[in-house]
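Student: Going by numbering that gives the first Met the number 0, the sequence shown opens with residue 0, and the numbers climb by one from there.
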Amino acid sequence: MTLTTAHPQRLEAHGVSLGYDGTRIVDGLDLAVPDGSFTVIVGANGSGKSTLLRGLARLLKPEAGSVLLDGREIHRYAPKEAARRLGLLPQSQSAPDGIAVVDLVSRGRYPHQSLLKQWSPADEQAVRDALELTDTAGLAGQAFDELSGGQRQRVWLAMALAQETDILLLDEPTTFLDIAHQIDVLDLCARLRAERGHTLVAVLHDLNLAARYATHLVAMKGGRIVASGAPRDVVTPGLVEHVFGLECRVITDPESSTPLVIPRHRPFAGDADHTAEGDL
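(1) Is the beta carbon of R190 within less than 6 Å of some heavy atom of the ligand ZN?
(2) Evaluate I178 with the Cβ neighbour count: other Cβ atoms within 10 Å of its Cβ, from every protein chain shown; 16 or more gives buried, anything less gives exposed.
(3) Please report the straight-line C-alpha distance between H204 and E171, rounded to a whole angstrom.
(4) What three-state label does DSSP hand A121 in the structure shown?
(5) So is L30 buried or exposed if we call it buried at 16+ other beta carbons inside 10 Å?
(6) Does R265 pass the burial test, meaning 16 or more other C-beta atoms within 10 Å, or should it be called exposed?
(7) Taking buried to mean at least 16 other C-beta atoms within 10 Å of its own C-beta, is S49 buried or exposed?
(8) Using CA coordinates, which residue listed in D128, G47, G228, V260 is at the minimum distance from I24?
(9) Are L88 and L146 touching if we call contact CB-CB under 7 Å?
(10) In angstroms, rounded to a whole number, what distance separates the CA positions of V280 and R263?
(11) For Q175, which of A189, I250, L156 has the nearest alpha-carbon?
(12) In the DSSP output, what is V217 paired with across the bridge?
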C-alpha cells in the first residue's frame with residue numbers, strides 16, 4: 000500500500016519491511032511523522048517499535064519499501080549529511096574508557112566538522128546549551144564511566160542535542176531514570192517541540208507517560224501499526240487489551256487531562272485470605 004498525504008512530512012515510511020537475519024519484524028508499514036510533533040511509539044515487547052525506530056534512523060536498511068527524509072530516500076544521504084538533519088539517542092550505547100562528559104557531548108558536533116571547518120564558537124555554545132538543557136553541566140569534567148545509570152542517560156541525550164538537528168529520535172530515553180528524572184527528560188522533549196519547533200519520535204514503555212506527553216501516538220502490534228492519532232483517540236480499553244493483553248479502565252488524568260490507564264484487578268488466591276483477615 001502506498002502512503003499518500005496532502006502535505007508530505009519530513010520523515011515518512013512507505014511500505015517498509017524490516018528485520019534481522021532473515022526474520023521479518025516490521026512488515027509493510029506506512030508512517031508519516033507529523034512535522035513539529037512529539038510522536039511516541041508504544042507496543043508490547045517484540046511489537047517492532049524499536050526496529051521501526053532503527054529504520055527511521057538509517058541504522059537498518061529496509062528489506063522492502065523506503066524511508067524518506069525531506070523527500071529523499073534516507074540511505075542516499077551521506078552519513079554526515081543525514082546526521083545534520085536527524086539525531087538519534089539509541090537504546091544501547093558505548094563510550095571510550097575514561098572519556099570526560101564534555102568530550103563525549105562534544106562528539107555530537109562531529110557532523111558539523113570538516114577539513115575546512117574545525118571547532119568553532121558555535122560548536123562550543125551548542126555543547127554548553129546541551130549540557131544546561133539536560134542538567135549535566137556540573138558533570139562536564141567528570142569521567143563518563145564514573146556516572147550513575149541515570150546520569151549517563153542524560154549525558155547521551157546531551158550529546159544528541161548538541162547535534163542540533165530539527166528531528167530527534169529517542170529509543171527508550173527514560174531507561175535507567177527514576178521517576179523524577181523521567182519527567183525531567185520528557186518535559187525537556189515537550190519544550191523542544193513547543194518552544195523550538197523540533198520534531199521528536201520516541202519509543203516508550205510506559206503507556207501513561209506516552210499518553211501524557213505525546214502529541215501523536217502510534218500503537219504497534221506484530222510489526223504493524225494498529226492505531227495512530229491523538230492519545231485521547233488511541234488509548235481506549237479495547238486498544239490496550241488488543242495491544243498489551245491487559246484489561247483496564249481508561250479515565251482522564253486529573254493533572255494533564257490525558258488518558259490514564261488503570262489496570263483491572265486480577266484476583267489471586269491470597270485475596271480471600273486478606274479479606275478474611277480484614278474482617279476479624
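Glycine included, C-beta positions come from ideal geometry on N, C-alpha and C.
Tutor: Taking the coordinates as given:
(1) The model on display carries no ligand, and the ligand ZN is accordingly not part of it.
(2) exposed
(3) 7 Å
(4) helix
(5) buried
(6) exposed
(7) buried
(8) G47
(9) no
(10) This structure cannot settle anything about residue 280, because the visible part of the chain is limited to 0 through 279.
(11) First, the amino acid is wrong: residue 175 is Phe here, not Gln. The shortest C-alpha separation from F175 is found at L156.
(12) I40, S227
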